[in-house]
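Right, one structure below, let's go through it.
Number of protein chains: 2
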Amino acid sequence: MIPIRGFNQSLPMMLLKAREAAMSRFRPMLRKHNLTEQRWRVIRVIYEHNHIDAGELAEKSFLLSPSLTRILRYLESEKIVLRSGDIKDQRRSVFRLTDKGKEIINKVAPETESIYSDIERIFGSKEFSKIFNLLEKFSCKVNKQ
Amino acid sequence: MIPIRGFNQSLPMMLLKAREAAMSRFRPMLRKHNLTEQRWRVIRVIYEHNHIDAGELAEKSFLLSPSLTRILRYLESEKIVLRSGDIKDQRRSVFRLTDKGKEIINKVAPETESIYSDIERIFGSKEFSKIFNLLEKFSCKVNKQ
DNA sequence: CCAGTATACTTAACATGTTAAGTTATTTCA
DNA sequence: TGAAATAACTTAACATGTTAAGTATACTGG
Chain A
1 MIPIRGFNQS LPMMLLKARE AAMSRFRPML RKHNLTEQRW RVIRVIYEHN
51 HIDAGELAEK SFLLSPSLTR ILRYLESEKI VLRSGDIKDQ RRSVFRLTDK
101 GKEIINKVAP ETESIYSDIE RIFGSKEFSK IFNLLEKFSC KVNKQ
Chain B
146 MIPIRGFNQS LPMMLLKARE AAMSRFRPML RKHNLTEQRW RVIRVIYEHN
196 HIDAGELAEK SFLLSPSLTR ILRYLESEKI VLRSGDIKDQ RRSVFRLTDK
246 GKEIINKVAP ETESIYSDIE RIFGSKEFSK IFNLLEKFSC KVNKQ
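Those protein sequence lines, which keep their order, are chains A and B. Position 108 of the first sequence, counting from 1, maps to 108 under the numbering used here, and the rest follow consecutively. So the number in the numbering used here is just where the residue sits in the second sequence, counting from 1, plus 145.
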């Protein structure tokens with residue numbers, strides 16, 4: 001009967017729970033706008049960059065390319081983003097927001113900010129920045145390669 | 146042109162990255178044993194409890210019941226877990242590990258502990274317990290209801 | 001005792017996660 | 001220059017996440 005580290009002592013589990021605690025506050029709102037967390041990430045990143053190719057988009061939105069392919073297909077079909085080919089490198093696709101995409105930003109961004117503020121207030125902004133810095137260090141150090 | 150909180154300042158993103166940094170160290174090992182992260186969570190929880198019903202299993206393994214249903218179907222088909230009905234309440238199913246399931250524990254648990262120790266050493270055990278405590282607080286406070 | 005409600009799953013449907021393999025366009029370098 | 005290696009996706013296949021609806025059993029109040 002091997003003793004196993006209990007789940008309450010597993011850091012990956014704690015990270016999952018913390019993330020779920022936060023995301024459960026965003027999801028219902030996003031859902032009202034027909035957005036998933038991932039779709040919203042993609043829209044945000046395109047907005048921040050104005051135009052961006054799929055590779056960089058995957059990196060910045062922290063999505064694997066097969067997921068991104070599907071999400072972009074959806075966002076294109078809904079005319080939220082526009083795809084155009086890169087002239088210099090025909091392998092690349094470049095994406096930008098349509099007017100509809102920009103409208104979504106205008107509607108959704110304030111709501112996410114408000115929820116974000118709630119979380120910061122509930123947890124305490126001092127603790128908030130502490131956990132933030134620790135998480136950053138953790139990602140840097142623990143990441144392989 | 147609304148200014149949006151950058152991704153580098155988004156706590157949910159930081160939590161995701163930190164978790165990914167950790168999990169990328171476990172996944173290749175689990176894969177060699179034909180396990181996913183979630184299958185391993187389920188096996189661990191059943192082991193800890195000896196026998197457990199699906200409801201409690203979902204809670205402890207932090208899986209939604211539709212996912213759990215599918216995972217248990219797989220683990221049953223591989224004869225890693227055994228399902229039996231609860232006599233007092235015919236709605237419930239009770240699960241326990243088979244000998245094959247226990248063998249998996251014996252093989253995999255030491256490997257996960259070793260990876261876990263690596264992470265703790267790389268990050269520093271002092272920082273480790275700090276982040277741990279902060280995450281716990283965060284989950285408690287931010288969780289709705 | 002029984003109609004109404006609640007509980008414990010299971011199914012369904014769609015979206016994303018994960019790995020491997022495929023396709024087309026660019027680079028590299030012999 | 002042209003075959004081989006790379007790069008930038010896309011497809012495929014299977015697993016899980018997420019919400020809503022379905023099914024069977026247990027409970028509860030009148």
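C-beta atoms are modelled at their ideal positions from N, C-alpha and C, and glycine is treated no differently. Just so it is clear, the structure is predicted and the values come from calculations on it, not from any experiment.
Going by beta carbon distance, what residues of the same chain come within less than 6 Å of residue i, once the five residues before and after it are set aside?
i, result
"Val253(B)", "His178"
"Glu48(A)", "none"
"Phe161(A)", "Within the shown structure, residues of chain A are numbered from 1 to 145, placing residue 161(A) beyond reach of any answer."
"Arg92(A)", "Asp53 and Asp86"
"Lys79(A)", "Thr98 and Lys100"
"Leu75(A)", "Val81"
"Leu30(A)", "Trp40"
"Phe152(B)", "Met158"
Beta-carbon separation of residue i and residue j under 9 Å?
i, j, result
"Lys77(A)", "Arg96(A)", "Per the sequence shown, residue 77(A) should be read as Ser rather than Lys. Against a cut-off of 9 Å, the Cβ pair of Arg96(A) and Ser77(A) comes out as no contact."
"Met159(B)", "Ser117(A)", "no"
"Val45(A)", "Ser61(A)", "yes"
"Ala199(B)", "Ser210(B)", "yes"
"Leu135(A)", "Lys162(B)", "yes"
"Leu202(B)", "Ile249(B)", "no"
"Glu63(A)", "Gln38(A)", "Residue identity check: residue 63(A) is Leu in the sequence provided, not Glu. Yes, these two residues count as a Cβ contact at 9 Å."
"Ile2(A)", "Pro255(B)", "yes"
"Ser259(B)", "Asn143(A)", "no"
"Ile267(B)", "Lys141(A)", "yes"
"Ile71(A)", "Ile276(B)", "no"
"Arg19(A)", "Arg164(B)", "yes"
DSSP beta-bridge partners for residue i?
i, result
"Gly85(A)", "Ser93(A)"
What residue does the beta strand (DSSP E) around residue i start on, and which one ends it?
i, result
"Ile52(A)", "His51 to Asp53"
Which of the three DSSP states is assigned to residue i in this structure?
i, result
"Lys79(A)", "coil"
"Thr98(A)", "coil"
"Asn297(B)", "Residue numbering for chain B in the displayed model covers 146 to 290; residue 297(B) lies beyond these limits and cannot be assessed."
"Ile147(B)", "coil"
"Leu64(A)", "coil"
Ordered along the chain, which non-local residues of its own chain (more than five positions away) have a Cβ less than 7 Å from that of residue i?
i, result
"Thr257(B)", "Phe171"
"His196(B)", "Val239, Phe240 and Arg241"
"Ala167(B)", "Ile264"
State the start and end residues of the unbroken alpha helix (DSSP H) segment that holds residue i.
i, result
"Asn34(A)", "Asn34(A) -> no alpha helix (DSSP H), and no H or E assigned at all."
"Asn133(A)", "Ser125 to Val142"
Apart from the five residues on each side of it in sequence, which residues of its chain come closer than 8 Å, Cβ to Cβ, to residue i?
i, result
"Gly124(A)", "none"
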